[in-house]
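For reference, each letter of the first sequence is one residue, going 9 to 891 in the numbering used here. Ideal Cβ placement from N, Cα and C applies to all residues, glycine included. Quick notes on the structure that follows.
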Amino acid sequence: MSHFVLIDGNSIANRAFYALPLLSTSTGLHTNAVLGFTTMLLKVIEEMKPTHIMVAFDAGKVVFRHSEYADYKGGRAKTPPELSEQFPLIRELLDAFSIQRFELEGYEADDIIGTLTKRADEQAWKTTVITGDKDMLQLVSEHVSVALTRKGVSEIELYTPQEIQDKYGLAPLQIIDLKGLMGDTSDNIPGVPGVGEKTALKLLHEYGSVEEVLANVDRVSGKKLQENLRENVDKAKMSKELATILREAPVELNVQETGYDGYDGALLSEFFKRMEFKSLLSKIKVDAPVEGEGQAANAAPFHFEVVTEESAAKFAEKLTSPMAFYVEMDGDNYHHAPIIGFGLSADDVNLYVPWDQAKEWKAFSQWLEDSTKEKWTFDGKRDTVGLAWHDQDIKGIGFDVYLASYLLNATESNPTLDSIASQYAQVRVRSDDEVYGKGAKRLLPEEDVISEHVAHKAAAIWQSVPVLREQLAENKMNELLNDLEAPLSMVLALMEKQGIKVNRDRLAQMGVDLDAKLEGLTKQIYELAGQTFNINSPKQLGEILFDVLDLPVLKKTKTGPSTSADVLEKLSPYHPIIDAILTFRQLGKLRSTYIEGLTKEIHSKSSKVHTLYNQATTATGRLSSTEPNLQNIPIRMEEGRKIREAFIPSEEGWYMLAADYSQIELRILAHISGDENLIDAFQKGMDIHTRTAMDVFGVEEGEVTSLMRRQAKAVNFGIVYGISDYGLSQNLNITRKEAGDFIERYFSVFSGVKLWMEEIVKQAKQDGFVTTLLNRRRYLPDIRSSNFNLRSFAERTAMNTPIQGTAADVIKLAMIRMQDSLQEKGLKSRMLLQVHDELVFEVPQDELEMMKQLVPEVMESALKLDVPLKVDVSFGHTWYEAK
DNA sequence: GGTGTCACG
DNA sequence: ACGTACGTGACACCG
Numbered sequence: 009m010s011h012f013v014l015i016d017g018n019s020i021a022n023r024a025f026y027a028l029p030l031l032s033t034s035t036g037l038h039t040n041a042v043l044g045f046t047t048m049l050l051k052v053i054e055e056m057k058p059t060h061i062m063v064a065f066d067a068g069k070v071v072f073r074h075s076e077y078a079d080y081k082g083g084r085a086k087t088p089p090e091l092s093e094q095f096p097l098i099r100e101l102l103d104a105f106s107i108q109r110f111e112l113e114g115y116e117a118d119d120i121i122g123t124l125t126k127r128a129d130e131q132a133w134k135t136t137v138i139t140g141d142k143d144m145l146q147l148v149s150e151h152v153s154v155a156l157t158r159k160g161v162s163e164i165e166l167y168t169p170q171e172i173q174d175k176y177g178l179a180p181l182q183i184i185d186l187k188g189l190m191g192d193t194s195d196n197i198p199g200v201p202g203v204g205e206k207t208a209l210k211l212l213h214e215y216g217s218v219e220e221v222l223a224n225v226d227r228v229s230g231k232k233l234q235e236n237l238r239e240n241v242d243k244a245k246m247s248k249e250l251a252t253i254l255r256e257a258p259v260e261l262n263v264q265e266t267g268y269d270g271y272d273g274a275l276l277s278e279f280f281k282r283m284e285f286k287s288l289l290s291k292i293k294v295d296a297p298v299e300g301e302g303q304a305a306n307a308a309p310f311h312f313e314v315v316t317e318e319s320a321a322k323f324a325e326k327l328t329s330p331m332a333f334y335v336e337m338d339g340d341n342y343h344h345a346p347i348i349g350f351g352l353s354a355d356d357v358n359l360y361v362p363w364d365q366a367k368e369w370k371a372f373s374q375w376l377e378d379s380t381k382e383k384w385t386f387d388g389k390r391d392t393v394g395l396a397w398h399d400q401d402i403k404g405i406g407f408d409v410y411l412a413s414y415l416l417n418a419t420e421s422n423p424t425l426d427s428i429a430s431q432y433a434q435v436r437v438r439s440d441d442e443v444y445g446k447g448a449k450r451l452l453p454e455e456d457v458i459s460e461h462v463a464h465k466a467a468a469i470w471q472s473v474p475v476l477r478e479q480l481a482e483n484k485m486n487e488l489l490n491d492l493e494a495p496l497s498m499v500l501a502l503m504e505k506q507g508i509k510v511n512r513d514r515l516a517q518m519g520v521d522l523d524a525k526l527e528g529l530t531k532q533i534y535e536l537a538g539q540t541f542n543i544n545s546p547k548q549l550g551e552i553l554f555d556v557l558d559l560p561v562l563k564k565t566k567t568g569p570s571t572s573a574d575v576l577e578k579l580s581p582y583h584p585i586i587d588a589i590l591t592f593r594q595l596g597k598l599r600s601t602y603i604e605g606l607t608k609e610i611h612s613k614s615s616k617v618h619t620l621y622n623q624a625t626t627a628t629g630r631l632s633s634t635e636p637n638l639q640n641i642p643i644r645m646e647e648g649r650k651i652r653e654a655f656i657p658s659e660e661g662w663y664m665l666a667a668d669y670s671q672i673e674l675r676i677l678a679h680i681s682g683d684e685n686l687i688d689a690f691q692k693g694m695d696i697h698t699r700t701a702m703d704v705f706g707v708e709e710g711e712v713t714s715l716m717r718r719q720a721k722a723v724n725f726g727i728v729y730g731i732s733d734y735g736l737s738q739n740l741n742i743t744r745k746e747a748g749d750f751i752e753r754y755f756s757v758f759s760g761v762k763l764w765m766e767e768i769v770k771q772a773k774q775d776g777f778v779t780t781l782l783n784r785r786r787y788l789p790d791i792r793s794s795n796f797n798l799r800s801f802a803e804r805t806a807m808n809t810p811i812q813g814t815a816a817d818v819i820k821l822a823m824i825r826m827q828d829s830l831q832e833k834g835l836k837s838r839m840l841l842q843v844h845d846e847l848v849f850e851v852p853q854d855e856l857e858m859m860k861q862l863v864p865e866v867m868e869s870a871l872k873l874d875v876p877l878k879v880d881v882s883f884g885h886t887w888y889e890a891k
């Protein structure tokens, strides 16, 4: 049986736009209306099984109603640009779906739909209209239903004549009379003043139509209502006319031409990839062979083989170059995770090798260790370290899809193989959560499920590489991958596997001291509060401070009054409990995170901690460190700094050596902004905060007070972060006006910095992204937003990212050179840690003098800038002493 | 799993 | 008028 579905394109797009948050792709394309439209279409296709579909759009400026009533739709807000730019995408979406769309110069979608439903009705076709506009209910008849969207576009409510009768007590055509009397503000249909839905319905139940109401106005109850009706006869008649949908528009589209027989899965998945609709991608492929003709993109069946003891010899010749390679492990932490097996893929083969089999397969380990056999991987660092724990070398990693996809879009942190596959490959890879379950539900599935999953992964890598290569070349990022990130990943692999020695007994001893102090503080706090409570609970603490002790609330969070340290510091004079709480918090943090947390991370095999450097997490290009995070070991407070005493060399008689860049971010700012004053300050080797204070406060070097220097330092930080008067005022505890004055004075002295900041924001608005010196890219989708907050945030990011990101580029380059240098010189010294602007080494005594020279030399010459880079070196028996 | 807090650069 | 400093990760609550 035929089923004709007509969709009010403008209405649905509007609904979707306002119902969904303003989503956008990594490159800044807004997509929320497109997404809403898509979900609606998928739902309609699945549930209504239409044989014919047509989507109508408004077109042209002069809608015929305008000539009759100048104010028509005048009250409607202008379409925001974020929505209008999505209409072309929605048209593309419909083309990808192979759905007919139609628009007619000078007519609204309503009228096109009105006309076509009439024609369909005449042929007694089953017809459904999808819209968000209640006016359309007038089209309902024996054969025509109207589906109104509710709650955005996710749910629909179907109206037949019976439902309209039940809900309004009216026949469908009386909807026009209803609008004529009550009007519609969204369409600027005036209606009769003082008549709303209730009155209009009452009148219609009694008299049936606008004309009859007006003819019987004397009998209408209510003096005021009678008066309103008498005085607005013309308005009522005109309103009815405006609300009437045209059924005779000159639509030259035959109903038969709207036939729908399924979508082209390949076209649609192409479009979804471009829109970054990841969850929808999997949906359509499963459903793809709709109604015969629509062919799924991945129709070719996936074929793979499992390598067994018997078949191994046969497959040895399949170990070629290049070849995609994946190591499946049972767990995320590859310092601990057992290896499950390997996936291998090339044009003519997909293999799965179980770990037990791989261990026995000589040809395979030879292939792994052969640097001339090029491997394409997903996270070569993970493969390298994971295998190293099993004494298996791997050489010849030629491409890393993990790093490549991160460089193409650093905002999507930690790309997973399933998402990479959905963007760059044809094969679908299930997510690990789906295959293994997550959290407590995690378990290993049957062997054949695993082997297929792993083979899919290798195939996805194989298929993704050419696409990724092409896109990297387009963005001119080949060097960034090949000369920076890829070699760095191998340096990081060494550092992670090497690990750093932690003195467990020293930590335990500090723990005992802390326990005693915390116990004392707890007692003290309970006494001052007059009761016991959980000091670690912000909620309970808030009740004690602000209800029991009645202290003033200075700042609020979403859930209640804030108890953060900056608030507590201001409350300190009011009550002695505050200082006790601050100390409790400080020591509690040391105990839980740095004593207990760190101790748990000591590896059973090596007695060291082996961090995981994440090379694809941050939006700026920095590394991050987890399990444990070794980039946030305390240093600012002396009590915390003592934690560093537990970090020691792994060999007797060696030293810890630390080297950090001095003011690297401001030096980079000097270079990229070209500000003469800032460059001059660094070339003269001055203390930059003192110099800033001199310039901003207009004093001589000797006259700079410590307060002035502190304020200048805060201004310098603010500059790097993308300054705002509000942020600076918060930091310095001064008024916004004062902060604004500081900034103004700063910019008048460092005018080159000001110019650069204006320029970078302008450029970001134009391109939609900013770059670092080594062409690392960060997209800023919100930079053109009409939302002040989002836009401001993006503007500050535009200023900060080139600075922070270039600093990351520089130290990464230095690390590669450093490792090369150590190897080339045959030194035993080892690079252990990177903390954003600092490198930490362990060094044998007889290399100490050499390393004190070599490390700063390599770091300072990593990248040639217009200002010198400066590195400070220190050493000692522990990390604490290297200060 | 979200929120608040706090450790680092 | 708007209401945040930039970039991270770990821990403790709490529903």
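With a threshold of 7 Å, establish whether the CB of residue i neighbours any heavy atom of the ligand SAM.
{"i": "M823", "result": "Among the components modelled here there is no ligand, and therefore nothing to report on the ligand SAM."}
Of all the options the options, which has the alpha carbon lying nearest to the alpha carbon of residue i?
{"i": "T779", "options": "I680, Y271, V154 and K232", "result": "I680"}
{"i": "A691", "options": "R786, R675 and L821", "result": "Here residue 691 turns out to be Gln, not Ala, going by the sequence shown. Nearest option by C-alpha distance: R675."}
{"i": "A463", "options": "L30, V435, Y888 and T328", "result": "V435"}
{"i": "R718", "options": "F750, N783 and R744", "result": "F750"}
{"i": "G590", "options": "L222, Y602, N622 and L576", "result": "It should be pointed out that residue 590 corresponds to Leu in this sequence rather than to Gly. Minimum Cα distance to L590 is reached at L576."}
{"i": "A588", "options": "T601, S600 and A573", "result": "A573"}
{"i": "A24", "options": "V161, Q146 and F110", "result": "V161"}
{"i": "R784", "options": "G388, L101, K243 and Y414", "result": "Y414"}
{"i": "I454", "options": "P362, K878 and F280", "result": "Per the sequence presented here, residue 454 reads as Glu, with Ile not at that position. Per the Cα distances, P362."}
{"i": "I197", "options": "K245, Q234 and M9", "result": "K245"}
{"i": "V851", "options": "N236, T886 and S600", "result": "T886"}
{"i": "R238", "options": "M283, V218, A257 and E256", "result": "V218"}
Provide the residue span of the alpha helix (DSSP H) that contains residue i, from first to last.
{"i": "R717", "result": "S714 to Y729"}
{"i": "N236", "result": "K231 to E239"}
{"i": "L14", "result": "Counting along the chain, L14 falls outside any alpha helix (DSSP H), though it belongs to the beta strand (DSSP E) covering H11 to D16."}
{"i": "R744", "result": "R744 to V757"}
{"i": "N40", "result": "N40 to M56"}
{"i": "L222", "result": "V218 to A223"}
{"i": "H213", "result": "E205 to Y215"}
Specify, as a first and last residue, the run of the beta strand (DSSP E) that residue i falls within.
{"i": "Q108", "result": "Q108 to E111"}
{"i": "T392", "result": "Counting along the chain, T392 falls outside any beta strand (DSSP E), though it belongs to the alpha helix (DSSP H) covering G388 to A396."}
{"i": "A155", "result": "V152 to R158"}
{"i": "Q400", "result": "No beta strand (DSSP E) contains Q400, which DSSP labels as neither H nor E."}
{"i": "K531", "result": "Premise fails: K531 lies in the alpha helix (DSSP H), R512 to A537, not in any beta strand (DSSP E)."}
List the whole-angstrom C-beta distance separating residue i from residue j, where the pair is believed to meet the contact cut-off of C-beta under 8 Å.
{"i": "A666", "j": "A516", "result": "About 25 Å separates the two Cβ atoms, so there is no contact after all."}
{"i": "G4", "j": "H618", "result": "Absent from the model: residue 4. The displayed extent of the chain is 9 to 891, so no value can be given."}
{"i": "L327", "j": "F372", "result": "7 Å"}
{"i": "F110", "j": "I120", "result": "6 Å"}
{"i": "T35", "j": "Y534", "result": "About 56 Å; that fails the 8 Å criterion."}
{"i": "S899", "j": "V843", "result": "Outside the displayed range of the chain (9 to 891) lies residue 899, so it cannot be described from this structure."}
Report yes or no: do the stretch 683-691 and the stretch 713-721 share at least 3 C-beta pairs separated by less than 8 Å? no
Below 8 Å, how does it come out for the stretch 453-469 and the stretch 389-399: are there three or more Cβ pairs, yes or no? no
The stretch 729-746 contacting the stretch 691-709, beta-carbon criterion three pairs below 8 Å: no
Looking at C-beta atoms only, is the number of pairs between the stretch 418-434 and the stretch 366-374 that lie closer than 8 Å three or more? no
Would you call the stretch 621-640 in contact with the stretch 755-775, where contact means no fewer than 3 C-beta pairs closer than 8 Å? no
At least 3 beta-carbon pairs within less than 8 Å: the stretch 442-456 vs the stretch 480-491: no
I'd like the ranges of any alpha helix (DSSP H) spanning at least 4 consecutive residues and lying wholly in the stretch 846-874. 856-868
Going along the chain, which unbroken runs of the beta strand (DSSP E) with 3 or more residues stay wholly within the stretch 656-720? 663-669
Is it a yes or a no for the stretch 51-68 touching the stretch 13-21, going by three-plus beta-carbon pairs under 8 Å? yes
Would you call the stretch 591-599 and the stretch 509-528 touching, i.e. three or more CB-CB distances under 8 Å? yes
So does the stretch 866-873 actually touch the stretch 801-819, counting three or more Cβ pairs closer than 8 Å? yes
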